[in-house]
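So the sequence shown is numbered by the working numbering: it starts at 742 and just counts up by one.
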Amino acid sequence: MAILKVTNENFESVKNSEKTVLLDFYADWCGPCRMVSPLVDEIAEENPQYLVAKINIDDDPELAQRFGVVSIPTLVVMKNGEVINQSVGARPKAQILAMLEG
């Protein structure tokens, strides 16, 4: 499954998804974000039961602020419109999957 680029315009449809949602808050200039990005891509490809989305904090600072993102990468897991898990910093794939599985 492809990764969805989330903006203020399409966030509500992502938030209201029936699937568990993984949000990856990142910036192009962030080294740790570039380490996490391929892992997030793999999770999206291998796990169609999840909706995987990326939010560029430079393009959509309002969304980053709404989620209290102060450091990146920040990964947020949402279910039924509610945040159920959140982590800051680079994480191995197994830890990201564990966050999704709750």
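The beta-carbon is built from N, C-alpha and C at its ideal position, and this holds for glycine as well.
* Between the region 791 to 799 and the region 822 to 829, do at least 3 Cβ pairs fall closer than 8 angstroms? -> Touching, no, given that fewer than three Cβ pairs across the two stretches are closer than 8 angstroms.
* If we count the other Cβ atoms within 10 Å of its Cβ and call it buried at 16 or more, is Pro779 buried or exposed? -> Numbered from its first residue, the sequence shown carries residue 779 at position 38. When all chains shown are included, Pro779 counts as exposed.
* For Ile744, three-class secondary structure by DSSP -> Taking the sequence shown and counting its residues from 1, one reaches residue 744 at position 3. If DSSP states are grouped into helix, strand and coil, Ile744 belongs with coil.
* Identify whether Ala794 lies in helix, strand or coil by the three-state DSSP scheme. => Reading the sequence shown from its first residue, position 53 is the one you call residue 794. Strand at Ala794.
* Asked: Under the three-state reduction of DSSP, which class applies to Ile813: helix, strand or coil?
  -> Translated into the one-based positions of the sequence shown, residue 813 becomes position 72. In this structure, DSSP gives Ile813 a state outside helix and strand, which the three-state scheme calls coil.
* Pull up the CB-CB distance for Asp782 and Ile744, whole angstroms please, since I reckon it's below 8 angstroms. => Position 41 of the sequence shown, counted from the first residue, corresponds to residue 782. Position 3 of the sequence shown, counted from the first residue, corresponds to residue 744. The pair is a contact, with the Cβ atoms about 6 angstroms apart (cut-off 8 angstroms).
* When we look at the beta-carbon of Ala835 and count the other beta-carbons within 10 Å, is it buried (16 or more) or exposed? -> Here residue 835 refers to the residue found at position 94 of the sequence shown. Exposed, since its Cβ has fewer than 16 Cβ neighbours within 10 Å.
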